[in-house]
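Protein chains in written order, with the working numbering: chain A, -15 to 270; chain B, 112 to 507. Heads up, the beta-carbon is just placed ideally off N, CA and C, and yes, glycines get one too.
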Amino acid sequence: MPEIYSKYPMVKYLRKEALPTALCPGCGGGTVLNAFANAVDQLKLDPRDLVVVSGIGCSAWIASPYFLADTLHTTHGRAIAFATGVKVGLPDKKVVVISGDGDLASIGGNHLLHAARRNIDITVILVNNFIYGMTGGQVAPTTPFGAKTTTTPYRNIEHPLQISETIAAAGASYVARWTTAHVYQLIESIKKALTVKGFSLVEVISQCPVQFGRRNRMKEPAEMLRWFLKNSVPISKAKKMSPEELEGKFVIGEFVNRQRPEFTEELNKLIDEVQEHFGLKGGDDV
Amino acid sequence: MIIRGDEPEQIRLLRKLYKPGNYFMQGNEAVAYGALFAGCRFYAGYPITPSSEIAETMARELPKLGGYYLQMEDEIGSIAAMIGASWTGFKVMTATAGPGFSLMQENLGYAVMTETPLVLVDVQRSGPSTGQATKGAQGDFFQARWGTHGDHPIVAVSPTSGQDAFWEIIRAFNIAERLRTPVVFLFDGVLAHTRELVKIPSVDEVEITYRKLPQNEEEAKLPFGDPHGDGVPPMPLFGHGYFTHVTGSTHKENGLRDVYTPEVHDRLVRRIHRKIEKNRHVYEKYEEHFTDDAEILVVSWGVTARPALGAVLKAREEGIKVGLFVPKTVHPFPGERMRELGKRVRAILVPEMNLGQMILEVQRYVNDDVLLKGVNKIGGVPLTVEEILREIRGVA
């Protein structure tokens, strides 16, 4: 048996027949998978109570097929909509979406927005590496202004979408952003996201040295992690900074943590009310 | 939850809510009530004319039965949510019209590839594009067949009246469950909004089918295998600790992705085709009128089959030996029966509310020496008995 199985305790959560992963050396995806497995472990969740849903792209591969649970690998952008059906069908299970920025915030942006508005109890771990990695490094709606990609060979003239801020405003119960250089904070936030009732988003700024770093003078993964650390600003500090000062910075921390009525609970409550109203409860009237 | 295991309670509710008898209702309502009798307890949709009354009826009735109605942010999300819910065990449905059907095509292919039972109602309206949004048409015959990309089989059912829609939607659910496949229900804007008599039967008259579930751990480990030799694998639902992996990418029998081995793709896609081809008895259905001695045959489907029958009856009064063949499952097309009938007649007319779609299927099964002619009308107004009768007289 390879050494990894005895040395690495989290491997018990992985589908061994699917290993090794398809992720490039130095990819931040492994860190996210590790953080997710640690969160599951620390919360003592039974993987039989988890359904993991993902879309298309590198980050969709982080937990699917590698995490040993029911896993639904869907079409591009639609993971959250698939997860919505799963959650309504299995309201007592933890439904988790792990996918990328292009998948969830570009083609799937509308599902992300509306799931947050609905406040359905799904945990989304959105891995933001600023780039379409799998297709060869094209510009994404998260690519920093001025960055070089294969489809912005001169410079990116668009402004990145601020995902966490947008989803916090849309009505999610819990939103946090960390980077792959903040592993312990990330694990704590994933744990909170899995525990909170309602829609939760953990945005993870993650390194793609192969497709993003290489073209932006950071070809070593460590350089990218140093870039994250140097430019991360805690949300408390960011509140006192001007938009100009925040340009190019990563605001990290918890954006919201609040209680709002949750969708599947409301849906089941509604059914109870309707059945009560029409006198459909009870079983001896046939 | 799903009716299976829950039947007494669901039968009690259906009995209490829907008294058997004759009702005056829209075609769309008949579809919705049929779906409820079939066991559909999850509906996800997005409003679109002329299908919206199906969503409205489901939104009103599903909670009474403990079922779920979701209005999603778009049609893509609707079919996605349906597939997610189907993997938790629900019988699921959505209803849409041409533009929404176009948007659902990618995930319809996902449902074919992942063998997810669902029923997709397309209330056909006049196109292309936004076309005549409130008018009926039969222009989606081939979108149902070939709308999603890649080699794929599809089953599509098309009813000819409100009453027929009630029973045919139940049949659509039964096919979807039995063959673990999506089924397209080709309805149309004319029947959808026609109010007519629909007899709601007693629950006892309705036969419903459930998907196969794994009987043991071995079967559960092969969600895309063929343990029973009928091409239909048992479906290991989510939430039962099977650790099922589902992907639209080419996958092995255990569900894990393998997109590099040609044989894996060949084996998977051919089995999915074989599953449909070999189980023709599950879904093949057509109606025949006066075909025994017919020299002229009218082949029609859906809403147009009604004026077609009217025209055939009138022509018979005039002594013209004409018959009518109505495929009720339009995909896969009942080609063998079409071939047999084609050998006996000298002319075939194919009336439909489009510029000639099902006629191409008919053409595949009849010899060149048979006169084959389309009777086509577009613009949103159904063909009349007179219009079809005139064409029958023309070839008599």
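| Item | Value |
| --- | --- |
| Within-9 Å CB hit, B/Gly116 to chain A | no |
| Outcome for A/Asn103 when other beta-carbon atoms lying within 10 angstroms are tallied against a minimum of 16 | buried |
| Extent of the continuous alpha helix (DSSP H) run through B/Glu497 | 496 to 506 |
| Interface residues of the segment 165 to 189 of chain B facing chain A [CB-CB below 7 Å] | Pro174, Lys175, Gly177, Tyr179, Leu181, Met183, Glu184, Asp185, Ile187, Gly188 |
| Where B/Gly326 falls: helix, strand or coil (DSSP) | The sequence as given places Gln at residue 326 of chain B; Gly does not occur at that position. It is coil, neither helix nor strand. |
| Residue-level contact to chain B via CB, A/Phe262, 9 Å cutoff | yes |
| Alpha carbon of B/Gly273 to alpha carbon of A/Lys78, nearest angstrom | 42 Å |
| Proximity of B/Arg385 and B/Gly342 at Cβ, strictly below 9 Å | yes |
| Listed by chain order, chain B residues near A/Leu56 by CB distance under 9 Å | Ile194, Gly195, Trp198, Thr225, Phe349, Thr355, His356, Val357, Thr358 |
| Sequence ranges, alpha helix (DSSP H) only - wholly within the segment 173 to 255 of chain B, length at least 4 | 186 to 197, 209 to 224 |
| Minimum Cβ-Cβ distance from A/Val270 to chain B less than 9 Å | Note that A/Val270 scores 46 on pLDDT, short of 50, meaning its location in the model is unreliable; the coordinates nonetheless yield the value given after this. By this cut-off, A/Val270 is an interface position. |
| Residue nearest to A/His57 in terms of C-alpha spacing, selected from B/Gln235, B/Lys130, B/Arg115, B/Thr361 | B/Thr361 |
| Distance between beta carbons of B/Tyr154 and B/Leu125, contact taken as under 8 Å | Between B/Tyr154 and B/Leu125 the Cβ distance is about 16 Å, and since that is not below 8 Å, they are no contact. |
| Beta-carbon proximity of B/Trp198 to A/Asp54, cut-off 9 Å | yes |
| Proximity to B/Glu428 [Cα-Cα], best of B/Tyr129, B/Ala192, B/Leu500, B/Val393 | B/Leu500 |
| A/Val270 (DSSP reduced to helix, strand or coil) | With a pLDDT of only 46 at A/Val270, under 50, the local geometry of the prediction cannot be trusted, and no value is derived from it. |
| Cβ-based burial, B/Val492 [other Cβ within 10 Å; buried from 16] | exposed |
| Whether B/Phe349 touches A/Val81 by CB criterion (9 Å) | no |
| Rounded straight-line distance, which links the Cα of B/Ile470 to that of A/Arg62 | 36 Å |
| Burial state of A/Tyr(-11) (16 or more Cβ within 10 Å) | exposed |
| C-beta contact flag for B/Asn465 and B/Phe252 at 9 Å | yes |
| As assigned by DSSP and simplified to three states, the class of B/Asp480 | coil |
| Boundaries of the beta strand (DSSP E) in which B/Ile265 is found, first to last residue | First-last for B/Ile265: undefined, no H or E at that position. |
| Cutoff 9 Å: A/Leu230 Cβ touching any chain B Cβ | no |
| Other residues of its chain near B/Leu333: CB distance less than 7 Å, five sequence neighbours each side excluded | Pro344, Glu364, Asn365 |
| Listed by chain order, chain A residues near B/Phe153 by CB distance under 9 Å | Gly69, Val72, Gly73 |
| Interface positions of the segment 310 to 329 of chain B facing chain A (Cβ-Cβ less than 8 Å), listed along the chain | none |
| Per-residue burial, A/Met278 [other beta carbons within 10 Å of its own, 16 or more giving buried] | For chain A, the structure presents residues -15 to 270; residue 278 of chain A sits outside this window and is missing. |
| B/Pro228, buried or exposed, once every other Cβ within 10 Å from all chains shown has been counted against 16 | buried |
| Cutoff 9 Å: A/Thr59 Cβ touching any chain B Cβ | yes |
| Listed by chain order, chain A residues near B/Glu288 by CB distance under 8 Å | Near B/Glu288 there are no residues of chain A at all, since even the closest Cβ is about 16 Å away, more than 8 Å. |
| A/Val159 versus A/Ile64 - alpha carbon distance | 16 Å |
| Chain-ordered residues of the segment 21 to 35 of chain A with a beta carbon less than 7 Å from chain B | Arg32, Val35 |
| Distance between beta carbons of A/Val235 and A/Val217, contact taken as under 8 Å | 5 Å |
| Runs of beta strand (DSSP E) lying entirely within the segment 49 to 80 of chain A, each at least 3 residues, in chain order | 54 to 57 |
| Buried or exposed by the 16-neighbour rule on C-beta atoms within 10 Å, applied to A/Ala206 | exposed |
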